[in-house]
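What follows is a short report on a single structure.
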Amino acid sequence: MKWIAVISVVFVFIGCKKAEDRRCMKSAGPETEVTRELGAFHGLFIGPNINIVLIQDTEDKVVIKGGANLVNFITSDINDGVLRIFNENKCNFLRSYKHEVTVEVHYTGISFIEFEGTKPMTTQGTISGNNLVIVIRDGAGLMDLDLDYNNVSLTITNGWGNFDFSGNTATLTLNIRSNGFGSTYDLNVSNTVDVISNTAGLLKINTEGADCNIQLQSTGDVWYIGNPNSLDASELGSGTLIDKN
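Counting the sequence shown from 1 gives a position; the numbering used here is that position plus 317.
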């Protein structure tokens, strides 16, 4: 009887809320698509629980795909040139995992990404530019990017950040901490590779033809393939640099 009383109170409370606020009581709804035209931006900030697809384009917009009762709770605001995307839906655990939201980010140029995502970030085709700085913070979603940049820098500050980079760059800088892990086996680097591995996770690096500086400061190993032009390595923790050729 006590449980019945509690449930009754909850439903009365929910019934008193505005319809748009009854997020937990709504199903995902039929699949739909919403397009929002945007002003120019140069950076991205991605929050949890959103599948992100990056599409380099001639216009700046987002295309949100998902259940009709979910898409309107995806926010996309630009502050100081940074597009910030968040999923404000509540009680996702009450819905089927089949009902996820995907946001296509169409953009003309991006130089900065901060990622706190728990779902994958991918690219449709190759994305290109001069400099790309990426920070993964508290993220646990795979960042799977096909790149054509002059300079690429990735920092994982904490969490289980996971990356898989392919394409081409002149310089690559990785500063991987906490439990971050990932691979650049499919990324061709023409000039320099600088790696600081301060993680318990495994890093896989393509060193072919590059001048490489690799520091291992924690327990995670670094595997490398290719024949580097030069290789300067230091093992300051229990992690080991391993030739996987």
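A virtual CB, placed ideally from N, CA and C, is assigned to each residue, including glycine.
Please read these numbers as outputs of a predicted model, since none were measured by experiment.
| query | result |
| --- | --- |
| Inter-residue spacing [alpha-carbon to alpha-carbon] between V452 and L464 | 16 Å |
| Cβ contact (3+ pairs, closer than 8 Å) linking the stretch 423 to 441 and the stretch 385 to 393 | no |
| Secondary structure, beta strand (DSSP E): runs of 3+ residues fully inside the stretch 336 to 393 | 348 to 354, 360 to 363, 368 to 373, 378 to 384 |
| Ordered list of beta strand (DSSP E) runs contained in the stretch 462 to 502, each at least 3 residues | 479 to 495 |
| C-alpha distance - L558 paired with L533, whole-angstrom precision | 8 Å |
| 7 Å Cβ shell around N386 - same chain, five flanking residues per side excluded | K343, S344, A345, G346 |
| Spatial neighbours of H416 in its chain, beta-carbon cut-off 6 Å, leaving aside the 5 residues before and after | A345, G384 |
| Rounded straight-line distance, which links the Cα of L361 to that of R412 | Because R412 sits at a pLDDT of 45, beneath the cut-off of 50, its placement in the model cannot be relied upon, and the point is left open. |
| Contact test: F482 Cβ vs the ligand GDP heavy atom, cutoff 6 Å | For the structure depicted, the ligand GDP is absent and the ligand set is empty, with no information on it obtainable. |
| Status (buried if at least 16 other CB within 10 Å, exposed otherwise) for K407 | exposed |
| H423 (DSSP reduced to helix, strand or coil) | strand |
| Where the beta strand (DSSP E) through T439 begins and ends | 438 to 440 |
| G349 versus D503: straight-line alpha-carbon distance, rounded | Correcting the residue identity first, residue 349 is Thr in this sequence and not Gly. Cα to Cα, T349 sits roughly 35 Å from D503. |
| Supposed close pair F358, Y424 - CB separation, criterion 8 Å | 7 Å |
| Span of the beta strand (DSSP E), counted from its first residue to its last, around G526 | Where G526 is concerned, there is no enclosing beta strand (DSSP E), given that its DSSP letter is neither H nor E. |
| Other residues of its chain near N447: CB distance less than 6 Å, five sequence neighbours each side excluded | N467 |
| C-beta atoms of G434 and G458 nearer than 7 Å | yes |
| Per DSSP, the bridge partner or partners of E552 | L533 |
| Exposure of F410, with buried meaning 16 or more beta-carbon neighbours within 10 Å | At F410, the pLDDT of 46 sits below 50, so the modelled position is not reliable; the number obtained from the coordinates is stated separately. Classification of F410: exposed, given that the 10 Å Cβ count is below 16. |
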